[in-house]
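Remarks on the structure that follows.
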């Protein structure tokens with residue numbers, strides 16, 4: 001059973017979120033402003049300025065919230081009725097005391113609920129991982145995992161009860177103090193307006209922007225909401241919030257995880273399968289370790305729709321924090337990529353994350369496994385209809401990322417593999433998707449698209465376009481008619497080395513993994529650990545395109561002599577730490593200019609799970625299955 005606020009509130013028989021919502025609808029900033037007006041009317045200019053400054057601080061700290069404003073237009077009328085400047089000053093002092101009390105109790109309650117929300121997020125992640133582990137048919141520790149989840153749920157309920165009681169106690173204490181202040185005010189000849197009470201109940205939730213909105217307007221709308229409104233929208237409308245371009249990745253992730261949990265109970269098997277695949281993808285990504293710290297990276301479900309593309313499914317799983325990363329990478333896969341591809345494509349994104357951290361430890365990177373278009377299902381399609389549709393969707397998501405980051409823009413790299421390279425190229429050609437600081441990487445490309453004959457046709461400088469193809473990738477010779485050969489000298493892109501440790505022949509179309517078939521050999525190995533292509537993607541992603549391994553072969557890579565090349569790259573000159581395995585994050589003894597201390601041993605990422613015996617980790621597939629083509 002998923003851990004949700006509604007479920008915890010029902011089990012705890014108290015709802016701290018709703019209690020806080022009513023409690024904080026009162027506005028200390030407006031009450032302080034009212035106090036300032038009374039002090040001014042009473043002739044106490046110094047107190048008036050003090051109260052006004054307090055109002056500004058309270059509003060700045062986030063305690064000016066939705067609700068009916070406290071009017072000040074009646075101050076002159078009250079002055080005429082009361083007459084005494086001394087009484088007006090006392091009214092101001094009493095109002096200021098109300099504002100201070102509300103401010104202090106509101107701050108304490110908000111902090112308690114904020115801490116509870118963070119704890120629930122940690123518990124929920126551990127709970128989800130344990131549920132996923134239980135679905136493994138070879139899992140020997142199902143009983144222990146179930147016991148661990150019972151303990152997690154019990155702890156979450158207990159914490160909800162504790163915080164709920166604390167918020168309720170604080171609210172009642174404020175109401176009692178407010179009643180005393182109101183009596184004092186009445187004795188001074190002032191009856192406060194009805195808006196000055198324990199809180200004006202919040203109105204209905206704001207409507208989520210519709211299809212005609214822009215990422216920029218979506219961001220402005222989100223920023224206009226209170227923290228409680230945002231949380232309520234995530235809980236009550238997760239499918240809209242989770243896929244709304246322009247919103248922070250953290251909010252989208254929280255919403256999409258709720259949608260996944262809901263889909264696990266769907267009557268539609270394919271929807272359930274897509275939800276399970278998304279969970280496994282999150283799990284696979286979380287098992288990666290930062291090669292410099294040994295810690296697991298932040299993992300985010302940036303987009304999710306199990307019913308998209310005729311239930312083929314949509315997902316975008318990020319390894320790294322999209323909201324803060326210096327670099328953001330979009331990995332765009334090829335044919336047969338769909339919702340069921342998420343486990344393997346998320347693992348691939350994790351390997352790119354590790355490669356980027358090895359490339360430049362001083363920079364932060366987020367890598368997105370982008371399953372965002374209706375990819376063709378079999379073979380190499382002659383039509384570009386899917387690529388054109390995918391290019392439009394990719395452009396929309398890139399614009400959404402840029403809008404969400406505001407003035408803090410990341411360096412963006414978009415990597416297209418096989419048919420995905422056609423999607424990436426069409427996005428540049430058809431929609432001007434890329435900026436002057438972005439990078440484009442085309443790997444194992446079947447062609448950039450009809451009418452695209454040179455790198456500058458992507459509406460960027462040719463220096464921003466990088467192309468790599470393994471010499472033994474026979475798939476690119478299968479045809480398809482998707483424009484010019486991007487590896488040719490005439491195309492004008494930067495040629496990068498892309499050799500792998502796979503055999504010299506490309507294997508036939510063979511079964512591979514859980515969910516279908518995949519091309520073997522070189523065409524499916526561009527993201528293999530210790531491949532030249534993965535190393536080069538890591539360099540480009542961190543802005544070190546000048547440090548890539550260059551392709552110095554013949555004009556067409558597949559015409560190279562059939563000789564072995566060492567695919568294990570050396571570290572760039574800007575990297576002085578020991579080489580770390582791109583698959584596991586484990587430090588190795590490969591040569592480096594200045595070896596440092598070994599990376600700490602990775603810790604179990606299921607940190608919130610109480611000890612319950614050994615936990616068997618589901619082995620990650622050695623080769624990406626869907627979406628590698």
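Numbering (full-length UniProt numbering), first residue to last: 1 to 629. The beta carbon of each residue, even a glycine, is placed where N, CA and C say it ideally should be.
For residue i, the first and last residue of its enclosing beta strand (DSSP E)
i, result
"residue 636", "Residue 636 lies beyond the range of the chain shown here (1 to 629); nothing can be said about it."
"residue 319", "314 to 319"
"residue 440", "439 to 443"
"residue 412", "411 to 417"
Closest residue to residue i among the options (Cα-Cα distance)
i, options, result
"residue 497", "483, 484, 473 and 436", "473"
"residue 446", "323, 463 and 488", "488"
"residue 646", "231, 289, 140 and 431", "Any answer about residue 646 is impossible in this case: the structure gives the chain only from 1 up to 629."
"residue 172", "151, 153, 109 and 113", "109"
"residue 304", "324, 261 and 287", "261"
"residue 16", "142, 147 and 162", "162"
"residue 160", "330, 222, 437 and 10", "10"
"residue 205", "422, 469, 21 and 450", "21"
"residue 470", "132, 525, 233 and 156", "525"
"residue 551", "458, 527, 443 and 528", "443"
"residue 313", "128, 273 and 287", "273"
"residue 277", "418, 347, 419 and 288", "347"
"residue 528", "354, 154 and 292", "354"
"residue 440", "450, 397 and 417", "417"
"residue 286", "366, 12 and 422", "366"
DSSP three-state assignment for residue i, whether helix, strand or coil
i, result
"residue 169", "helix"
"residue 705", "This structure leaves residue 705 out entirely; the chain is present only between 1 and 629."
"residue 428", "helix"
"residue 83", "For residue 83, the predicted model reports a pLDDT of 47, less than 50, meaning its position is unreliable; a value from the coordinates is still stated below. Coil, per DSSP."
"residue 496", "strand"
"residue 129", "helix"
"residue 150", "helix"
"residue 17", "helix"
"residue 604", "Low per-residue confidence applies at residue 604: pLDDT is 31, beneath 50, and the placement is therefore not dependable, though the value from the model is reported in the following sentence. Here residue 604 sits in coil by DSSP."
Burial state of residue i (16 or more Cβ within 10 Å)
i, result
"residue 140", "exposed"
"residue 378", "exposed"
"residue 412", "buried"
"residue 404", "buried"
"residue 436", "exposed"
"residue 384", "buried"
"residue 382", "exposed"
"residue 429", "buried"
"residue 482", "buried"
"residue 432", "exposed"
"residue 223", "exposed"
"residue 338", "buried"
"residue 546", "exposed"
"residue 142", "exposed"
"residue 315", "buried"
"residue 542", "buried"
"residue 359", "buried"
Residue interval of the alpha helix (DSSP H) (run including residue i)
i, result
"residue 395", "385 to 405"
"residue 468", "Unbroken run through residue 468 is the beta strand (DSSP E), 465 to 468; no alpha helix (DSSP H)."
"residue 223", "215 to 223"
"residue 286", "269 to 286"
"residue 138", "Taken as a continuous stretch (DSSP letters only), residue 138 belongs to no alpha helix (DSSP H), as it is neither H nor E."
"residue 7", "5 to 12"
"residue 533", "532 to 541"
"residue 308", "308 to 311"
Within-7 Å CB hit, residue i to chain B
i, result
"residue 123", "Of the protein chains in the structure, only one exists, and it is not chain B."
Check: residue i C-beta below 6 Å from any heavy atom of the ligand PLP
i, result
"residue 397", "You won't find the ligand PLP in this model; it holds no ligand whatsoever."
Query raised in the report: Which runs of the beta strand (DSSP E) spanning at least 3 residues fall entirely within the segment 229 to 262, listed in chain order?
Result: none
(message) Please give me, in chain order, every unbroken run of the alpha helix (DSSP H) with length at least 4 that falls completely inside the segment 326 to 360.
(response) 342 to 359
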